[in-house]
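Asks:
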Amino acid sequence: MEDTLEPQKKRIRGLSTVTKIAPSRPVTSALNTVPQTQGQTTAPKVTKKTGPRCSTTITTVLKNQKPGPAVPTQKPGAATAPVLGVKRPSKRPAWDLKGQLVDLNAELRCYHEKTQTLDQENQQLREQLKETQQQATALGSKHRTLEEELTRLRVQTEHGQQELGNLKAHVLELEEQLGLKEGLVQELQKEQLELQEERRRLATRLEDQERRLQASEAALSCSQVEVASLRQETAAQAALLTERGERLHGLEMERRRLHNQLQELKGNIRVFCRVRPVLPGEPTPLSGFLQFPSGPNGPSNPPTRLSLSWSDERRSTLSGAPAPTTRHDFSFDRVFPPGSRQEEVFEEISMLVQSALDGYPVCIFAYGQTGSGKTFTMEGGLEGDPQTEGLIPRALRHLFSVAQEMSVQGWTYNFVASYVEIYNETVRDLLATRTRKGQGGECEIRRAGPGSKELTVTNARYVPVSCEKEVEALLHLAHQNRAVARTAHNERSSRSHSVFQLQIYGEHTGRGLQCMAPLSLVDLAGSERLDPGLALGQEEQKRLRETQAINSSLSTLGLVIMALSNKESHVPYRNSKLTYLLQNSLGGSAKMLMFVNISPLEENFSESLNSLRFASKVNQCVIGTAQANRK
Ligand code: ADP
Ligand code: MG
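46 is the number of the first residue of the sequence shown in the numbering used here; add one for each residue after it.
(1) Can you tell me which of Arg386, Gly295, Ser630, Arg250 puts its alpha carbon nearest to the alpha carbon of Phe421?
(2) The alpha helix (DSSP H) spanning Ser600 covers which residue range?
(3) Do the CB positions of Gly723 and Gln449 come within less than 9 Å of each other?
(4) Check whether the Cβ of Phe421 lies closer than 8 Å to any heavy atom of the ligand ADP, and answer yes or no.
(5) At a cut-off of 8 Å, is Asp474 close to the ligand MG when judged by its beta-carbon and the heavy atoms of the ligand?
(6) Looking at Thr370 and the ligand ADP, is the gap between the Cβ and the nearest heavy atom below 8 Å?
(7) Could you give the first and the last residue of the continuous beta strand (DSSP E) run that contains Asn459?
(8) Within its chain, find whatever has a CB closer than 6 Å to the CB of Ile595; leave out the 5 residues flanking it on each side and keep chain order.
(9) Val544 and Val465 look like a contact to me (Cβ under 8 Å); what is the Cβ gap, rounded to whole Å?
(10) List the whole-angstrom C-beta distance separating Ser463 from Tyr507, where the pair is believed to meet the contact cut-off of C-beta under 8 Å.
(11) For Arg256 and Glu271, what's the separation of their Cα atoms in angstroms?
(12) Whole angstroms are fine: how far does the CA of Gly555 sit from the CA of Gly426?
(13) With DSSP as the reference, identify every bridge partner of Asn642, one or two as the case may be.
(14) Determine whether the beta carbon atoms of Gly404 and Met561 lie at a separation below 9 Å.
(15) Answer yes or no: do Arg300 and Arg379 have a C-beta to C-beta separation smaller than 9 Å?
(16) For Cys488 and Leu626, what's the separation of their Cα atoms in angstroms?
(17) Mind reading off the beta-carbon distance from Val567 to His542? Whole number of angstroms is fine, and I expect it under 8 Å.
(18) In terms of alpha-carbon separation, which member of Gly416, Ser352, Phe337 lies closest to Gly327?
(19) Considering Cα atoms alone, identify which of His373, Gln593, Leu247 is closest to Ser356.
(20) Report yes or no: do the region 616 to 624 and the region 645 to 658 share at least 3 C-beta pairs separated by less than 8 Å?
(21) Have a look at the DSSP bridge pairing and note the partners of Met561.
(22) State whether the region 429 to 437 contacts the region 383 to 397, with contact taken as three or more CB pairs (one from each stretch) at a distance under 8 Å.
(23) Excluding the 5 residues flanking Pro325 on each side, which residues of the same chain have their C-beta closer than 8 Å to its C-beta?
(24) Regarding Asp374 and the ligand MG, is the C-beta to nearest heavy atom distance less than 8 Å?
(25) Go ahead and pull the three-state DSSP assignment for Leu569.
(26) Could you give the distance in angstroms between the alpha-carbon of Ala273 and the alpha-carbon of Glu288?
(27) From the DSSP output, in three-state form, read off Thr196 for me.
(28) With C-beta atoms as the reference, is Phe317 less than 9 Å away from Phe650?
(29) Verify the contact flag: Thr433, CB atom, against every heavy atom of the ligand MG, threshold strictly below 8 Å.
(30) Tell me where the alpha helix (DSSP H) around Pro438 begins and ends.
(31) Going by DSSP, what residues sit across from Phe375 in a beta bridge?
(32) Could you check what DSSP says for Asp474 in three-state terms: helix, strand or coil?
(33) Straight-line CA distance for Ala477 to Pro509?
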């Protein structure tokens, strides 16, 4: 009996377990936990199962739930009676089919109820599932939105990072610039400091200057008062100066007149005799051959006389008696014995140079035999030796310095130089430079213009000069040109006349005065005659022609001077190139000076005598009262 009842008990025990989750227990509280646990969606399937197995599953499910509201735990025996309502007999006999049927019905009802309960639960769970699915859908869409948002934010972040990169680069750049600017700022600050220092220094200086300025202003105001009084004084002095200027001009004119008168008293034609010293290697002449007796004014005065004594030794040997000495006495305006310095000689003629500046034509000749010292007198000795400088450079220096002095009185002077050579009646320019075409050839003497009295030499250079250096250069050039000629024509220079001419133009613009005069310095050709005993070879014949030309021109010069002296109507200027060229420097208002150069040697006695005779003749001439060539 016990054994038959056992399965029944078991079933009741199982059912009693089910009753523990009777409908009195709130289902929702148990189901509410479903979404929280994975895999609980299988819970509804439980309902399909039957029997105690199914009950066990539910119990397991319910075990995982939080404890619900307190459900009074029923004692195992007490619970079964209300569920089945039937107290089942522990074991119905086999024959009690009816009883068994009743039991089975009761059991079936119980199952039926249970099924209903499970259906309800299932329904609730379905609803919950639906709700959960909706929530999941909502969450899904929210998730997508959030993902989109995330993507957008990522893109934004990328942009931001890119921008950040750019900004960082920019920041670096700016930092670099900042560094540069800071360096600049430091430099500027340094500069500013320096400038401030400079400013301070300048301010100090300014203060100093201002102080000085104030002192100067005070001095200035004092000076202004002084200036005002000085102005008055100056005005008075200016008036005095004008008056004195007038007087000075009057005096200058008077000086010119008196100077000229003095020159006229001395003679418009003057002759100076110069005896050169015996040169090294030359025989010393007998004492008494040349004497310089004192003049009428006594020995203290410069000598004006010269005696040449000569005894013919050949005659004395023939007769046996001592030869009588012939003495030739000459008297000139001045005699320069050997040893006279160039400076002394020039002193005597400086007055004539002044006359040239005053507007009177002046002509100075050097006459004498070759080797008597003409060139030495005119041009000088060694080039560059100031002691032996000749008349030409000295005269020009004097002219330049006097012209300079006269510029104070309002006179301005211009000088134009020319230098030509007359050889065998042909004229050649001594200032010719090879660079200029047509120069150095033959020249012609022509009037400067129709009706003009002025003469010019065609093809010759007329060089304006204003200082010594320029004159020196011209003399040097002439010297070179002569040296070239010397090689071609043996000693041509001594056989030709050298004519240095200086045109002097003076002007006083304030008074409208002008003066113009030529100063001519002529180194004449050797006056010696040709030895008649010489054999007439080809060279000698040429010499003879040269000598004839020289003699002719020198005698023409004598004749011209004579004609002027005798105031003859015809003056034979045209008879020689020399007199033709010099016609404006001779006669009338002109002043003439002739140096007769003498050799101290006995062997030159004859030529010396000739020269002295010629010079004496000239010395006897008096050319009419000179008129200044003034406009
Ligand atoms: P000229 O020109 O008359 O032919 P120079 O002037 O050439 O003569 O003189 C001939 C030589 O005599 C030259 O060597 C020159 O230096 C010299 N002489 C001329 N006069 C003097 C003098 N007064 N003092 C010194 N030497 C002179
Ligand atoms: Mg000479």
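No residue lacks a Cβ here, since even glycine has one placed at the ideal position from N, Cα and C.
Replies: Based on what the coordinates show:
(1) Ranked by Cα distance from Phe421, the first of Arg386, Gly295, Ser630, Arg250 is Arg386.
(2) Segment 583 to 610, the alpha helix (DSSP H) holding Ser600.
(3) The structure shown does not extend to residue 723, since the chain spans only 46 to 676, so no value can be given for it.
(4) Yes, the beta carbon of Phe421 sits closer than 8 Å to at least one heavy atom of the ligand ADP.
(5) Set against 8 Å, the gap from the CB of Asp474 to the closest heavy atom of the ligand MG is not smaller.
(6) Thr370 has its CB no nearer than 8 Å to any heavy atom of the ligand ADP.
(7) For Asn459, the enclosing beta strand (DSSP E) stretches over residues 456 to 468.
(8) Within its own chain, the residues whose Cβ lies closer than 6 Å to the Cβ of Ile595, once the five positions on either side in sequence are excluded, are Ala570, listed in chain order.
(9) The beta-carbon separation of Val544 and Val465, rounded to 5 Å, stays under the 8 Å limit for a contact.
(10) Correct: roughly 5 Å between the Cβ atoms.
(11) Each residue's CA atom was taken as its position, placing Arg256 and Glu271 some 22 Å apart.
(12) Answer to the nearest angstrom: the Cα atoms are 43 Å apart.
(13) Paired residues: Arg319, Gly413.
(14) Cβ atoms of Gly404 and Met561: closer than 9 Å.
(15) No, the pair does not count as a contact, with Cβ atoms beyond the cut-off.
(16) Their backbone Cα atoms lie some 12 Å apart in a straight line.
(17) In this structure Val567 is in contact with His542, their Cβ atoms being roughly 6 Å apart against a cut-off of 8 Å.
(18) The sequence given here places Glu at residue 327; Gly does not occur at that position. Answer by Cα proximity: Gly416.
(19) Of the candidates His373, Gln593, Leu247, the one whose C-alpha sits nearest the C-alpha of Ser356 is His373.
(20) In short, these stretches do not touch, since the Cβ pair count stays below three.
(21) Answer is Tyr550, bridged to Met561.
(22) Because the criterion of three Cβ pairs below 8 Å is met, the region 429 to 437 and the region 383 to 397 touch.
(23) Here Pro325 has no same chain residue with a Cβ atom under 8 Å from its own Cβ, once five neighbours each way along the sequence are excluded.
(24) No, Cβ of Asp374 sits at least 8 Å from all heavy atoms of the ligand MG.
(25) Leu569: coil per DSSP, three-state reduction.
(26) Just so you know, the alpha carbons of Ala273 and Glu288 end up roughly 23 Å apart.
(27) Of the three classes helix, strand and coil, the one that applies to Thr196 here is helix, per DSSP.
(28) For Phe317 and Phe650, no; Cβs fall outside 9 Å.
(29) Checking every heavy atom of the ligand MG against the Cβ of Thr433, none is found closer than 8 Å.
(30) First-last of the alpha helix (DSSP H) with Pro438: 436 to 452.
(31) Its beta-bridge partners are Leu351.
(32) DSSP, reduced to helix, strand and coil, places Asp474 within a strand of the structure shown.
(33) C-alpha separation (whole angstroms): 15 Å.
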